[in-house]
Amino acid sequence: MGWLDQVEDQVDALRRARSLQEASRSAEACVLLDRVIRTTGDPYARADALVQRLSALINLGRTAEFTRAVEDASAAVRDLAEPYLHGHLNALAALAAHHQGALDRCVMHLVRAARALGADDTPDRDTAWGWHDLAMAYSYLSFHGHALGAIERAREVGLSAGIPEETFAAPGIRLRNAVALDHNGDSDGCLRVLRDVAGDLARFLRGGRAGNLRPSSLAAYGYAAARRAALGDRVESAGDADPKRLLGHGGDSARARDLRQLGQVCLAVAANRPIEAVTRLDALQVSDETLGAAEAPRLRSVALARAGDHAGAHRADRHAFRLAARRSDRLRDVYIDGIAARIDHEEMRREAARYEGEALTDPLTGLPNRRRLERYLGAVVSRGERVVIGVCDLDGFKAVNTRHGHHSGDLVLQRVAGVINRVMRRGDFVARYGGDEFVVVLPDTVMPEAVEVARRIEAAVRTEDWESLVPGTPVGVTIGFAEVDGSTTVSVREALGTAFELADREMLRAKARPRAS
1 MGWLDQVEDQ VDALRRARSL QEASRSAEAC VLLDRVIRTT GDPYARADAL VQRLSALINL
61 GRTAEFTRAV EDASAAVRDL AEPYLHGHLN ALAALAAHHQ GALDRCVMHL VRAARALGAD
121 DTPDRDTAWG WHDLAMAYSY LSFHGHALGA IERAREVGLS AGIPEETFAA PGIRLRNAVA
181 LDHNGDSDGC LRVLRDVAGD LARFLRGGRA GNLRPSSLAA YGYAAARRAA LGDRVESAGD
241 ADPKRLLGHG GDSARARDLR QLGQVCLAVA ANRPIEAVTR LDALQVSDET LGAAEAPRLR
301 SVALARAGDH AGAHRADRHA FRLAARRSDR LRDVYIDGIA ARIDHEEMRR EAARYEGEAL
361 TDPLTGLPNR RRLERYLGAV VSRGERVVIG VCDLDGFKAV NTRHGHHSGD LVLQRVAGVI
421 NRVMRRGDFV ARYGGDEFVV VLPDTVMPEA VEVARRIEAA VRTEDWESLV PGTPVGVTIG
481 FAEVDGSTTV SVREALGTAF ELADREMLRA KARPRAS
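Under full-length UniProt numbering, the residue at position 491 of the sequence shown is numbered 491, and the numbers go up by one with no gaps.
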């Protein structure tokens, strides 16, 4: 027996509201659900209508109404012993909390949703949609592995209930995974995921099953194609796979509107109209939650590079990377520091402990990572000590990835980490900040000494045998320094920001200087 079989009042209206939302007509669904809420005396019908209404408000992006809607739905569901209802409500509450920026509350709802839905073994349509919405919440929070697992569960339950596989294609999940890779410097990885997304759409089109795809899914397929084109991939621009046509779908979904605006930027870049792309970006009004705050500056970097403004492209790229890194830090803080204390569950405590260990070390190079670096600097500053911070930016690393692939790029990063470690002094601190950036911290050091350390690092990297590892692609390093006096009130982030600005400036100056032949 499915969930709606327990509802005795206005079942047809509730089913109609579901159909409207699946067709991205959430505004109409809201009107219908408000009528049910006003007129029903059945607690099950009222609870279902309030949960559905919360879903509609999220689809419409009406953020100001989220808190009241979650409270009303929670009050209606609280005393009903129905796992599906509790699971679906918590999945939606997680989405609402995410859009409001309350990440700790979001993760708490995610855990509750997964437990409740996992306890519901009824293979009906509603349970399938509960798993779908949980997958969406995981995806927006950048828990991509959890999102893929939840959407696979939605497909399994949906197939048992007679829902076609393509209904839960959910290309938006892999799209967010792809752009996250690009924001962190892995454009090749991004393209691989986007090509897989395109392959799924082609399979549905060949099989004549594209008609079962949700309008919001079509918009996501459109953006995936447009994003590929902006990165230089050749994409089909005619027929049902035309990105411009696909981006026109999505109905009244707020996320689909965001994808349309960002997609127009991508298509302008792909058509070699970078100035138009930048102009569109200047007028852009999209939620940071749709594809992450880093997406707009990353597209700006791509457009400026196409226009030949490489200095501007570099600045925009750095801005995008830092926004992505800041988001990762916030998520990790929430996960490690909040969830173990909030949820009394042994498995979750073990997971939190595992993430704590992984959070301090870069898995590729074995060096301390950005989180550990910031803890170290925080301790230094709190003790009032003076240090010099140096930011090392690799020169030629992009060419390594382009010509030899990411495996060779990883080998280069590992070797550079070893080279820097080899020439540092006793007591110096070395970390991988992310991408191709390394940071060195020199305690009790003045600038002339720091310049000598920089000379040693640059010489060691320059004279390394790169020809045997990446033939024809020499690798160098540019270093910028900033002094930090712990007796002042400067924060750790301000100190790092100053060091990065100086490093970026020095790198651009170095690139402008003529090279010795």
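The beta-carbon is built from N, C-alpha and C at its ideal position, and this holds for glycine as well. Keep in mind it's a predicted model, so treat the numbers as computed, not measured.
Here Arg-462 has Gly-476 as same chain residues with Cβ atoms under 6 Å from its own Cβ, once five neighbours each way along the sequence are excluded. Annotated three-state conformation of Glu-385 is coil, per DSSP. Straight-line spacing of the CA atoms in Leu-32 and Ala-116 works out to 27 Å. Taking 9 Å as the cut-off, the Cβ atoms of Ala-73 and Val-107 do not count as close. For Pro-363, there is no enclosing beta strand (DSSP E), as DSSP marks it with neither H nor E. Shown here, Gly-185 sits in coil according to DSSP, grouped into three states, outside any helix or strand.
Secondary structure note for Leu-442: its beta strand (DSSP E) is the uninterrupted segment 437 to 443. By the criterion of a C-beta distance shorter than 7 Å, Leu-502 is surrounded in its chain by Gly-480, Phe-481, Ala-482, once the five residues flanking it on both sides are discounted.
The C-beta separation of Leu-60 from Ser-26 comes to about 5 Å, placing the pair in contact by the 8 Å criterion.
One alpha carbon belongs to Asp-444, the other to Arg-372, and they sit about 20 Å apart. For Leu-364, the closest of Asp-393, Ala-102, Gly-472, Leu-411 by C-alpha to C-alpha distance is Leu-411. Rounded to whole angstroms, Thr-67 and Asp-362 show a C-alpha spacing of 38 Å. At a Cβ-Cβ threshold of 9 Å, Asp-233 and Arg-195 count as neighbours. With fewer than three CB-CB distances shorter than 8 Å, the stretch 95 to 109 does not count as touching the stretch 148 to 160.
For Phe-429, no alpha helix (DSSP H) run applies; the uninterrupted beta strand (DSSP E) run containing it begins and ends at 429 to 434, by DSSP.
With 16 or more neighbouring CB atoms inside 10 Å of its own CB, Ala-313 falls in the buried class. Taken through DSSP and simplified to helix, strand or coil, Asp-196 comes out as helix. For Val-391, the beta-bridge partners assigned by DSSP are Val-439, Gly-480.
Counting C-beta atoms within 10 angstroms of its own C-beta, Gln-10 has 16 or more neighbours from the protein chains shown and is therefore classed as buried. For the pair Ala-431 and Pro-368, the CB atoms are nearer than the 9 Å cut-off.
The criterion of a C-beta distance shorter than 9 Å is satisfied by Ala-47 and Leu-80. Contact between His-88 and Thr-63 does not hold, since the beta-carbon distance rounds to 20 Å and is not under 8 Å. Between Arg-300 and Ala-316, the beta carbon gap of about 4 Å places them in contact (Cβ cut-off 8 Å).
Using a C-beta cut-off of 8 Å, the stretch 434 to 453 makes contact with the stretch 378 to 391, since at least three inter-stretch Cβ pairs fall below that distance. In this structure Val-7 touches Tyr-44 by the C-beta definition: roughly 5 Å separates them, less than 8 Å. DSSP places Thr-290 inside the alpha helix (DSSP H), whose first and last residues are 288 to 291. For Thr-473, the closest C-alpha among the options Gly-497, His-404, Ser-142 is that of His-404. Here DSSP, grouped into helix, strand and coil, assigns Asp-34 to helix. Ala-229 and Arg-375 have their C-alpha atoms some 40 Å from each other. Boundaries of the alpha helix (DSSP H) harbouring Asp-258: 254 to 270, taken from the DSSP string. Per DSSP, reduced to three states, the secondary structure at Asp-485 is strand.
In the three-state reduction of the DSSP assignment, His-249 falls in the coil class. For Met-447, the enclosing alpha helix (DSSP H) covers residues 447 to 462. Excluding sequence positions up to five before and after Asn-401, its CB lies within less than 6 Å of the CB of Gly-409, all in the same chain and listed in chain order. Its Cα nearest to that of Leu-213, the residue Phe-168 stands out among Ala-256, Arg-306, Phe-168. Cβ neighbours of Gln-261 within its own chain (closer than 7 Å, five residues either side excluded): Leu-284, Val-286.
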